Ligand SMILES: C[S@@+](CC[C@H](N)C(=O)[O-])C[C@H]1O[C@@H](n2cnc3c(N)ncnc32)[C@H](O)[C@@H]1O
């Protein structure tokens, strides 16, 4: 994370991801660019599997960058939207309907250099089983990119909104939920996410906090003249040992040992 100006969305993606979306996703794209450059030393396209990739918010830009992308998602409507989005962008993304835990049956072993699992582990029945399946789909020497909702941030956000009982419940509930009205089934801390990944036999390589300040400041600042400064701040804070734990989303890159 040395290049604080670095935002990996370039060209067509840069034009499309504007304002708040660009600020919120800058750290994540920078991390993805880094891992894609690292997992295979020689230049070239990689096999990427996006589990729960939905309508292609990550898959289509990655295909535009030249990678061979497969999306596995349980929702056929999301896959139909993905196919439309890919066609509009002039790229091919393979769409496979199925459950994350069935990944080995759907794709076979060692199918990908990089497996993405972004905003999905919060919803699956068994996160441990899903992580084991993701791991099976990664080639030795490849990586997994996992993005999840942060438990600590949820407590902060509820407290700032004046919901102090909710904030207390988020911190004490094992699933990190604030009550029956909470639509998020599960949240993670750095510790619970790292344990999940290690339990699947992966080595934690990097952990980033995504959206540390972007969800706390007035939303108008995300589109204004200060957006670049905020991106630079998010980029530095993403790897700060204290601040990263306060992020709305926790992003973890884990490697599968080679051989
Ligand atoms: C919040 S969306 C995230 C979409 C995308 N990954 C992103 O970050 O923009 C969650 C996606 O996970 C999919 N999903 C939920 N449970 C799943 C499961 N058990 N197996 C496969 N996909 C699942 C949903 O259909 C949905 O498309």
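In the UniProt record's numbering, the protein residues as written are 1 to 259.
C-beta atoms are modelled at their ideal positions from N, C-alpha and C, and glycine is treated no differently.
This structure is a prediction, so every number in the text was calculated from the model and none was measured.
Where residue i falls, given that 16 or more other Cβ within 10 Å makes a residue buried
i, result
"residue 249", "buried"
"residue 341", "Past the boundaries of the shown model lies residue 341; the chain is included only from 1 to 259, so the question cannot be answered."
"residue 202", "buried"
"residue 106", "buried"
"residue 56", "buried"
"residue 258", "exposed"
"residue 28", "buried"
One or two residues paired with residue i in a DSSP bridge
i, result
"residue 72", "51, 96"
"residue 115", "49, 144"
"residue 206", "253"
"residue 162", "Its beta-bridge partners do not exist; DSSP assigns none."
"residue 188", "150"
"residue 138", "112"
Supposed close pair residue i, residue j - CB separation, criterion 8 angstroms
i, j, result
"residue 256", "residue 120", "18 angstroms between Cβ atoms; not a contact."
"residue 194", "residue 252", "7 angstroms"
"residue 260", "residue 128", "With the chain represented from 1 up to 259, any question about residue 260 goes unanswered, as that position is not in the structure."
"residue 20", "residue 243", "Contact doesn't hold; Cβ gap of about 20 angstroms is too wide."
Residue i (DSSP reduced to helix, strand or coil)
i, result
"residue 60", "helix"
"residue 11", "Confidence at residue 11 is low in this model, with a pLDDT of 40, below 50, so the placement of that residue is unreliable and no value is reported for it."
"residue 240", "coil"
"residue 104", "helix"
"residue 39", "helix"
"residue 231", "helix"
Count Cβ pairs between the region 181 to 198 and the region 140 to 160 that sit closer than 8 angstroms; are there 3 or more?
Three or more Cβ pairs drawn from the region 181 to 198 and the region 140 to 160 lie within less than 8 angstroms of each other, which places the two stretches in contact.
Determine, using beta-carbon pairs with one atom in the region 78 to 85 and one in the region 93 to 103, whether at least three such pairs fall under 8 angstroms.
Contact check between the region 78 to 85 and the region 93 to 103: three or more CB pairs, one atom from each, fall below 8 angstroms, which counts as touching.
Assess contact between the region 129 to 149 and the region 106 to 118, defined as three or more Cβ pairs (one per stretch) separated by less than 8 angstroms. Is contact present?
Touching, yes, given that three or more Cβ pairs across the two stretches are closer than 8 angstroms.
Cβ pair count under 8 angstroms reaching 3, the region 21 to 30 against the region 221 to 238
The region 21 to 30, when compared against the region 221 to 238, does touch it at the 8 angstroms Cβ threshold.
How about the region 46 to 54 and the region 68 to 84: do they share at least three Cβ pairs that are nearer than 8 angstroms?
By the Cβ rule, the region 46 to 54 counts as touching the region 68 to 84, because three or more pairs are nearer than 8 angstroms.
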